[in-house]
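Each remark here refers to the structure printed beneath this line.
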Amino acid sequence: MTKDKTELRNQMLNLFLPARDSTSSATGFVFFHLARHPSVWKKLREEVIGLGDAPITFDLLKSMKYLKCVVNESLRLLAPAGLSIRTCVEDCVLPGGGGPDGKSPILVRPGTEVRIVFHALHKDRDIWGDDALEFRPERWGELRTTWEYIPFLGGGRICPAQQMALTEASYLIVRFMQEFKSMENRDPEKNFVAGMKLTMESKNGVEVGFEVA
8 MTKDKTELRN
18 QMLNLFLPAR
28 DSTSSATGFV
38 FFHLARHPSV
48 WKKLREEVIG
58 LGDAPITFDL
68 LKSMKYLKCV
78 VNESLRLLAP
88 AGLSIRTCVE
98 DCVLPGGGGP
108 DGKSPILVRP
118 GTEVRIVFHA
128 LHKDRDIWGD
138 DALEFRPERW
148 GELRTTWEYI
158 PFLGGGRICP
168 AQQMALTEAS
178 YLIVRFMQEF
188 KSMENRDPEK
198 NFVAGMKLTM
208 ESKNGVEVGF
218 EVA
């Protein structure tokens, strides 16, 4: 482990800033979708109520299959980070992006800025099908994704706060499900209106109502 104070400071910021902003954005986005899809709320709450009085642990959250589907689908459509920017440092050949159809290999020279736009990748009909723009958590029971789904990047560049953000968001969702039996949409806007700060958020917030269980 490095002892460089600047590097340690940077890594700490990478951990705590995304864990705060990514968690709040991701949780809000899930509620944005649940408020517009009462059948998904009902199905997810059935999974939560089925837990009984079991303590909400990390392992328990990881075992909740439909919760994972809902969170994944929400992050696919509304990732807190809209894109990632990298600068190429040596000659690199990407497997796609070249040629008239964009499906041929392409050479990337050193110094070239490469932008990975998650919102385009995650809504590509060639990958996700004709219903790519629809909120359908059930698709995750059929999918085995690799680099088509990277809301937190991946590999050596993966967000170090990924598990913290996902765990916090999942815990909050479960606790809301336990305390409230129904949710209604009170947002005058039908479609999502983005606002960009450190991460993407809903420009107008997420207006919902809950009925106590």
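Numbering (our numbering), first residue to last: 8 to 220. The C-beta atom is built at its ideal place from N, Cα and C for all residues, glycine as well.
Same chain, Cβ closer than 7 Å to residue i, five either side skipped, listed in chain order
{"i": "Thr218", "result": "At residue 218 the sequence reads Glu, which differs from the Thr that was named. For Glu218, where only same-chain residues beyond five positions count, the Cβ hits under 7 Å are Phe187, Lys188 and Ser189."}
{"i": "Ile123", "result": "Leu90 and Ser91"}
{"i": "Ser209", "result": "Gly35, Phe39, Phe199, Val200 and Gly202"}
{"i": "Gly109", "result": "Gly103"}
{"i": "Arg43", "result": "Asn192"}
{"i": "Glu155", "result": "Leu128 and Ile134"}
{"i": "Gly105", "result": "Ser111, Pro112 and Ile113"}
Beta carbon of residue i nearer than 8 Å to that of residue j
{"i": "Val63", "j": "Tyr178", "result": "Here residue 63 turns out to be Ile, not Val, going by the sequence shown. Yes, Cβ-Cβ distance for Ile63 and Tyr178 is below 8 Å."}
{"i": "Gly216", "j": "Arg193", "result": "yes"}
{"i": "Leu97", "j": "Arg146", "result": "The sequence as given places Glu at residue 97; Leu does not occur at that position. Result no, Cβ atoms of Glu97 and Arg146 do not sit closer than 8 Å."}
{"i": "Ile2", "j": "Leu101", "result": "Not covered by the structure: residue 2. The range shown for the chain is 8 to 220."}
{"i": "Thr30", "j": "Glu175", "result": "yes"}
{"i": "Val213", "j": "Phe38", "result": "yes"}
{"i": "Asn211", "j": "Glu196", "result": "yes"}
{"i": "Leu5", "j": "Leu67", "result": "Within the shown structure, residues of the chain are numbered from 8 to 220, placing residue 5 beyond reach of any answer."}
{"i": "Leu173", "j": "Val77", "result": "no"}
Same chain, Cβ closer than 8 Å to residue i, five either side skipped, listed in chain order
{"i": "Thr119", "result": "Thr94 and Cys95"}
{"i": "Phe125", "result": "Ala86, Ala88, Gly89, Leu90, Ser91, Ile157 and Pro158"}
{"i": "Leu221", "result": "With the chain running from 8 to 220 in the structure shown, residue 221 is simply not present."}
{"i": "Asp220", "result": "In the sequence as presented, Asp is not what sits at residue 220; that position holds Ala. Closer than 8 Å at Cβ, skipping near neighbours: Gln185, Glu186, Phe187 and Lys188."}
{"i": "Val121", "result": "Ile92, Arg93, Thr94, Cys95 and Val115"}
{"i": "Phe65", "result": "Thr174"}
{"i": "Phe7", "result": "Nothing about residue 7 can be read from this structure; the chain reaches only from 8 to 220."}
{"i": "Pro117", "result": "Cys95, Val96, Glu97 and Asp98"}
{"i": "Ala224", "result": "An answer regarding residue 224 cannot be provided, because it is not within the stretch 8 to 220 covered by the chain."}
Cutoff 8 Å: residue i Cβ touching any chain C Cβ
{"i": "Ile113", "result": "The displayed structure is made up of one protein chain only, and chain C is not part of it."}
Beta-carbon separation (whole angstroms), residue i vs residue j, contact threshold 8 Å
{"i": "Glu54", "j": "Leu74", "result": "6 Å"}
Closer than 7 Å: residue i CB and nearest the ligand MG heavy atom
{"i": "Phe187", "result": "Ligands are entirely absent from the displayed structure, and the ligand MG is therefore not among its contents."}
Spatial neighbours of residue i in its chain, beta-carbon cut-off 6 Å, leaving aside the 5 residues before and after
{"i": "Trp48", "result": "Leu41 and Met190"}
**Message:** Which complete beta strand (DSSP E) runs does the segment 110-170 hold, if anything under 3 residues is left out?
**Reply:** 111-115 and 120-124
**Item:** Unbroken stretches of the beta strand (DSSP E), 3 residues or longer, contained in the segment 18-100
**Value:** 90-94
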